[in-house]
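Structure record follows, encoded as structure tokens.
Chains as they are written, first to last, in the working numbering: chain X, 1 to 155; chain H, 156 to 335.
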């Protein structure tokens, strides 16, 4: 019979203390997460509003009012990387939406068509290394990770 | 464990789009869910996304009228499912250092010895099978009782007790190998 309990003199008690202490690393996490989800919801609602406007416009025979999109090329150097994704407001910060393609010289590239607006984004190399865009203005996000700022002007 | 009247009322408020209520739910549960996911996945970046997904899904479910009987266990169950899903996607591609966790440790560790110890613990935990790891973390790190753990994992109480016991045995054995 093996025991499922851990007493204070068990060596595992110290392990559990370390694992429990990880909460203290990030006590403000909940507030930052709440703010981030709120931003995403506002973006989503704005998107739904935009879609509704477009439907109304189509319904009454008006010209479409959806903004034109501009091609934006994301490019990052990662000769040793096995995969590179771009993650940002336009992917709802999901890391599995836009993957870059390896090109000559160890660079990775993808072109997206984005509507006018301001975006925050970062590159994610090998699913763990966050990197800002060297050619864009930079500002760390709520979690201290490097991110870049992008403004897409109206075409 | 179990839903308290304030949490029931939180669920009602969240279902009506009350952002402050969602914030309150996060303040109550996000730190422990983040700890659980971070320990389970050994990656602070992945844990961050898992917890975000958990609350987005929870909010949508509450808007659809779902009222969890045991709020804490329900949130852990969503988080565990997201962790399992992420692990399934990640395993074939895992390689190289676990940088996210290492960076978090480097920030928090007071000394290289403390960091080394944390890495040994993380490695021993990562070597457990996923079902043993989740049982150990829920029981001994998150402090859930076996009934709540059964709700979270879908496994029976006797099976969970055996998993926790086996996890303890394996962890003791692995850490003894590295620490003597």
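Built from N, CA and C at the ideal position, the CB exists for glycine as well. Since the model is a prediction, treat every value here as computed from it, not as a measurement.
According to DSSP, residues forming a beta bridge with residue i
i	result
residue 138/X	148/X
residue 76/X	108/X
residue 70/X	114/X
residue 101/X	109/X
residue 210/H	According to DSSP, residue 210/H bridges with nothing at all.
residue 288/H	In DSSP, residue 288/H forms no bridge with anything.
residue 88/X	121/X
residue 130/X	124/X
Proximity test, Cβ basis, 8 Å: residue i and chain H
i	result
residue 38/X	yes
residue 19/X	yes
residue 33/X	yes
residue 147/X	no
residue 16/X	yes
residue 128/X	yes
residue 84/X	no
Interface residues of chain H facing residue i [CB-CB closer than 7 Å]
i	result
residue 12/X	323, 326, 327
residue 6/X	295, 323
8 Å Cβ cut-off: residues of chain X touching residue i
i	result
residue 178/H	30, 31, 34
residue 217/H	Result: empty, since nearest Cβ-Cβ is about 14 Å, beyond 8 Å.
residue 273/H	18
Per-residue contacts from residue i into chain H (C-beta, under 9 Å)
i	result
residue 89/X	By Cβ distance, chain H contributes nothing, its closest Cβ being about 14 Å from residue 89/X, past 9 Å.
Interface flag, residue i vs chain X, CB-CB below 8 Å
i	result
residue 207/H	yes
residue 170/H	no
residue 198/H	yes
residue 286/H	no
residue 189/H	yes
residue 330/H	yes
residue 276/H	yes
residue 415/H	Past the edges of chain H, shown from 156 to 335, lies residue 415/H, and the structure says nothing about it.
residue 261/H	Any reading at residue 261/H is ruled out, since the residue's pLDDT is 40, under 50, leaving its predicted position unreliable.
residue 211/H	yes
residue 156/H	The pLDDT assigned to residue 156/H is 44, lower than 50, so where the model puts this residue is not dependable, and the model offers no usable value.
residue 246/H	Because residue 246/H sits at a pLDDT of 44, beneath the cut-off of 50, its placement in the model cannot be relied upon, and the following sentence gives the value as read from the coordinates. It does not: the Cβ of residue 246/H has no partner Cβ on chain X nearer than 8 Å.
Proximal residues of chain X, C-beta to C-beta of residue i below 9 Å
i	result
residue 311/H	What residue 311/H touches in chain X: nothing, since even the nearest Cβ is about 14 Å away.
Cross-chain neighbours of residue i in chain H, by beta carbon under 8 Å
i	result
residue 3/X	320, 323
Under 7 Å by beta carbon: chain X residues contacting residue i
i	result
residue 307/H	The premise fails here: residue 307/H is roughly 16 Å from chain X at the closest Cβ pair, so nothing lies under 7 Å.
residue 181/H	30, 33, 34
residue 174/H	38
Cβ distance (whole Å) where residue i is taken to contact residue j below 8 Å
i	j	result
residue 78/X	residue 86/X	Rounded, the Cβ-Cβ distance is 12 Å, inconsistent with contact.
residue 323/H	residue 4/X	7 Å
residue 327/H	residue 287/H	Not quite, the Cβ-Cβ distance comes to about 13 Å (not below 8 Å), so this is no contact.
residue 147/X	residue 111/X	Not confirmed; about 20 Å, so no contact.
residue 297/H	residue 210/H	Rounded, the Cβ-Cβ distance is 17 Å, inconsistent with contact.
residue 237/H	residue 208/H	5 Å
residue 276/H	residue 6/X	The pair is not a contact, with the Cβ atoms about 14 Å apart (cut-off 8 Å).
residue 273/H	residue 290/H	Not quite, the Cβ-Cβ distance comes to about 21 Å (not below 8 Å), so this is no contact.
residue 88/X	residue 119/X	5 Å
residue 69/X	residue 114/X	6 Å
residue 174/H	residue 28/X	Rounded, the Cβ-Cβ distance is 17 Å, inconsistent with contact.
Contact test: residue i Cβ vs the ligand COA heavy atom, cutoff 7 Å
i	result
residue 180/H	Although the ligand COA was asked about, the structure shown includes no ligands whatsoever.
Please confirm if the region 172-186 of chain H is in contact with the region 26-45 of chain X, defined as three or more CB-CB distances below 8 Å between the two stretches. The region 172-186 of chain H is in contact with the region 26-45 of chain X.
Determine contact between the region 130-144 of chain X and the region 97-105 of chain X, defined as no fewer than three beta-carbon pairs at a distance below 8 Å. The region 130-144 of chain X, when compared against the region 97-105 of chain X, does not touch it at the 8 Å Cβ threshold.
Are there three or more Cβ pairs, one per stretch, closer than 8 Å when the region 222-237 of chain H is compared with the region 145-152 of chain X? no
Can you confirm whether the region 194-201 of chain H touches the region 274-292 of chain H when touching is taken to mean that 3 or more C-beta pairs between the two stretches lie within less than 8 Å? yes
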